[in-house]
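To keep things clear, I will list the structure first and then write my remarks on it.
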Amino acid sequence: MSTTIYVPGDAAALALGADAVAAAISEEAARRRIAIKLVRNGTRGMVWLEPLVEVAAPLGRIAYGPVSPADVPGLFDAGFVDGGLHALCLGTTDQIPWMARQQRLVCRRVGVVDPRSLADYVALGGGDGLRRARAMAPADIVRAVTESGLRGRGGAAFPAGIKWQTVLATPAAQKYIVCNADEGDSGTFSDRMLMEGDPFQLLEGMAIAGLAVGASQGYIYVRSEYPHAVAALNAALAVAEDYLGDFRIEVRVGAGSYVCGEETAMLESIEGKRGIVRAKPPLPAITGLFGKPTVINNVITFASVPDILAQGAAAYRDHGCGRSRGTLPFQLAGNIKYGGLVEIPFGLTLRELLYDFGGGSRSGRPLRAVQVGGPLGAYLPEAQFDTVLDYEAFAAIGAGLGHGGIVAIDDTVDLAKQARYAMKFCAIESCGKCTPCRIGSTRGVEVIDRIRAGNNQGVDQIELLQDLCDTMVHGSLCAMGSMTPIPVMSALRHFPEDFK
Amino acid sequence: MEKPTTIERIFAAHRDQPGALLPVLHEIQHLLGYIPPESVPLIAKELNLSRAEVHGVISYYAHFRQTPPGRHVVRVCCAEACQAGGGEALAEHARSRLEGSDVTLEPVYCLGLCACGPSVQGDETTLHAQVTPKKFDALVAALEAKP
Ligand SMILES: Cc1cc2nc3c(=O)[nH]c(=O)nc-3n(C[C@H](O)[C@H](O)[C@H](O)COP(=O)(O)O)c2cc1C
Ligand code: SF4
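What follows is the structure, encoded as structure tokens:
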């Protein structure tokens, strides 16, 4: 019998050299005439340990990492194929404290299964939710999602069940299910990890949504920066036809536009147009893709649904705190020692995430700021690290959790420069439909440049910046323009010394 | 002529697809490395769109090129998570290293490798994490040596 060895094929693992490690293991095994079965799994999310090689030992999966090709002969010498001891051995993967302290619901199969194997998926409970849903009335499926308390994970945290109910209640011969896999926020990669590591769960969640609202066609809009996720989804779709029944899914690839993550711009893009934001109303739930009622949800939102159906709404709602129910896969990114994906129920503090999981900065210098929730998210100072990780607590300090991305930054940072970047990013990515965003962002860059140069021009430039931000907040059609002031103003408020 | 046949095949494959323009443009760019301006009238005709619509879409999206790139393309992430790990210095180094090279440098805003930045993508297929200037030079040298 051959031993199964796992070497992740996830993009982050590949970027850290996983392919060369996989090749070295295959060659070394062949040379030693040891029979192995090599599986390219997703990543467990402990990015700092990638390439993380696992061996299926009788007592569980044993982890070794980070492994380089040069380590491979030594690993064989140490008998790692039988779980043998070696300097790189980390013990049982599930018992690595960083993993053991998490509560993985939506990411429970990511890094565990072979993402190309429907059999693996089914063996770990995949398909149960869809089977249940097929025996339920559409309204009951929607009720289960509503009762779970699941809120959209793409950023706006709108209750998923309410959106589905609107689509269900809108009669139409054709409706659509659209998955937002644009994941444009810097510091986020949970959608990517899930699509590459457990694609069937996303497909299942979309098929359940189709049953719930009466839609037979789905689209997944994936950013062009994610070719590996596109390949993983297409590979899964190629074997999932029977499994999905009458529901059809097509993968659409974006083209390097951040604002196409905004849901109406995304619909325009799928329709083959420029990604210009639509005015709301009408809501996409009523007049969406090709003018038809459309459910739009994030990858993690859809992927959370199968287990909610299979295990019941209460099992999901039991996690979390306040009005933030369930778990959120947080992503520890930037200048952080132990970066990766931490799925935990809402309720821990930012500090626990940054230090207990993240281990502080990678550079060894003090963390001075973190940006939470992507390029439209606030810069938070150390004094706010004790904020509880839930939607309401973050809203109360003028911040947001967004898609759960956390970018850690050490004390070499210049927050005025970061504020400039936020304006610059808005200027580059603005869809151009409204003036406060299109022109305001460019003016914003100029004002910040003057502040940084100490060039007053006889006017208080800080006041000018505040006014400009005010105009953007109140005069922009979508959150691109109305939220760009959040990173800018939070930087100014919490780090005024950088604006002198 | 060989190229038009391939392009004809692309159109045939997408003729009945709703909203086919982006998928068609992706395939053309995949084939040629860019979308030649002279192909706009053909695309417009085949997809029953106006030239202005086609041109508008090509120029709107950062991913689509209107001029041919160098023999290879490297994309350096310029977003916040990579900045926090030294991305800016890397981007600057990349600019000076690639001056005059036939490897094209493009900025990219996030590759989803935010826990192991700064990150770089080579030719849309190869990914590199924790890229230092030294590592960058090595990966560029490897690309330059490739046909
Ligand atoms: C500028 C901008 C970019 C956005 N980018 C994304 C994105 O990349 N992924 C995403 O799921 N939602 C994104 N959103 C939010 C979507 O508009 C929408 O709220 C979301 O897809 C709905 O799904 P959910 O309810 O499951 O979160 C973005 C919004 C704005 C304004
Ligand atoms: S705020 Fe900006 S991105 Fe949003 S619609 Fe207006 S111009 Fe477009």
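So the protein sequences, as listed, match chains W and P. Its first residue numbered 1, the first sequence is counted upward by one per residue in this note's numbering. Its first residue numbered 1001, the second sequence is counted upward by one per residue in this note's numbering. C-beta: ideal position from N, C-alpha, C; glycine also.
The residues Gly210, Asp246, Phe247 and Arg248, in chain order, have a CB closer than 7 Å to that of Ser216 of chain W in the same chain once the five nearest residues on each side in sequence are set aside.
Bounds of the beta strand (DSSP E) holding Val1073 of chain P are His1072 to Cys1077.
Listed by position along chain P, the residues whose Cβ is nearer than 9 Å to that of Leu203 of chain W form an empty set, because the closest Cβ is around 20 Å away. Closer than 8 Å to the CB of Ala1142 of chain P there is not a single CB belonging to chain W.
Close CB contacts of Leu14 of chain W within its chain, under the 6 Å cut and outside five residues either way in sequence, are absent.
Note that the segment 319-335 of chain W touches the segment 1081-1094 of chain P; at least 3 beta-carbon pairs, one per stretch, sit closer than 8 Å.
With fewer than 16 other beta carbons inside 10 angstroms of its own, His474 of chain W counts as exposed.
Here Thr1132 of chain P is exposed, its C-beta having fewer than 16 other C-beta atoms within 10 Å. Restricting attention to alpha helix (DSSP H) runs no shorter than 4 residues, the segment 69-144 of chain W encloses them at 72-77, 97-100, 118-123 and 128-134, ordered along the chain. With the rule of 3 Cβ pairs closer than 8 Å, the segment 1-14 of chain W counts as touching the segment 42-58 of chain W. With a cutoff of 7 Å, Val277 of chain W counts as near ligand 2, since its C-beta is closer than that to a heavy atom of the ligand. Residues of the segment 1001-1025 of chain P with a Cβ closer than 9 Å to any Cβ of chain W, in chain order: Gln1017, Pro1018, Gly1019, Ala1020, Leu1021, Leu1022, Pro1023, Val1024 and Leu1025. Any heavy atom of ligand 2 counts here; residues with a Cβ closer than 6 Å to one of them, in chain order, are W:Val259, W:Val277, W:Ser430, W:Cys431, W:Gly432, W:Lys433, W:Cys434, W:Cys437, W:Arg438, W:Ser476, W:Leu477, W:Cys478, W:Met480 and W:Gly481.
Nearest to Glu27 of chain W by alpha-carbon distance, out of W:Val370, W:Gly256, W:Pro69 and W:Arg108, is W:Pro69.
For Ala156 of chain W, the shortest separation between its Cβ and any heavy atom of ligand 1 lies below 7 Å. When DSSP states are grouped into helix, strand and coil, Glu262 of chain W belongs to the coil group. With a contact defined as Cβ atoms closer than 8 Å, Ile344 of chain W and Thr170 of chain W miss out at about 36 Å.
Here the segment 166-183 of chain W does not lie against the segment 1057-1076 of chain P, with fewer than 3 beta-carbon pairs under 8 Å apart. For Asn234 of chain W, the enclosing alpha helix (DSSP H) stretches over residues Pro227 to Val239.
Here the C-alpha atom of Asp470 of chain W lies approximately 14 Å from the C-alpha atom of Met423 of chain W. For Ser148 of chain W, the number of other beta carbons within 10 angstroms of its own is at least 16, and it is reported as buried.
Checking the 7 Å criterion, the Cβ of Gly210 of chain W is out of range of every heavy atom belonging to ligand 1. With a threshold of 8 Å between beta carbons, Arg365 of chain W makes no contact with chain P. His1063 of chain P sits in coil when the DSSP states are folded into three classes, being neither helix nor strand. At a C-beta separation below 8 Å, Leu1090 of chain P has no neighbours in chain W, since its nearest C-beta there lies roughly 14 Å away. A distance of 8 Å or more separates the beta carbons of Gly272 of chain W and Gly197 of chain W.
Positions of the alpha helix (DSSP H) runs, each at least 4 residues long and wholly inside the segment 1008-1039 of chain P, are given as 1021-1032 in order along the chain.
Chain W has no Cβ within less than 8 Å of the Cβ of Leu1042 of chain P. Here Cys321 of chain W carries a strand assignment [DSSP, helix/strand/coil]. If you look at Tyr421 of chain W, you'll find it in the alpha helix (DSSP H) that goes Leu415 to Glu429.
A distance below 8 Å separates the beta carbons of Cys1078 of chain P and Tyr1109 of chain P. Pro284 of chain W and Gly291 of chain W have their C-alpha atoms some 8 Å from each other.
Taking 9 Å as the cut-off between beta carbons, the residues of the segment 311-337 of chain W near chain P are Gln331, Leu332, Ala333, Gly334, Asn335 and Ile336, in sequence order. A straight line joining the alpha-carbon of Phe80 of chain W with that of Leu380 of chain W spans about 44 Å. Placement of the Cβ of Gly152 of chain W at a distance of less than 7 Å from at least one heavy atom of ligand 1 is found.
Look at Pro375 of chain W here: in three-state DSSP terms it is helix.
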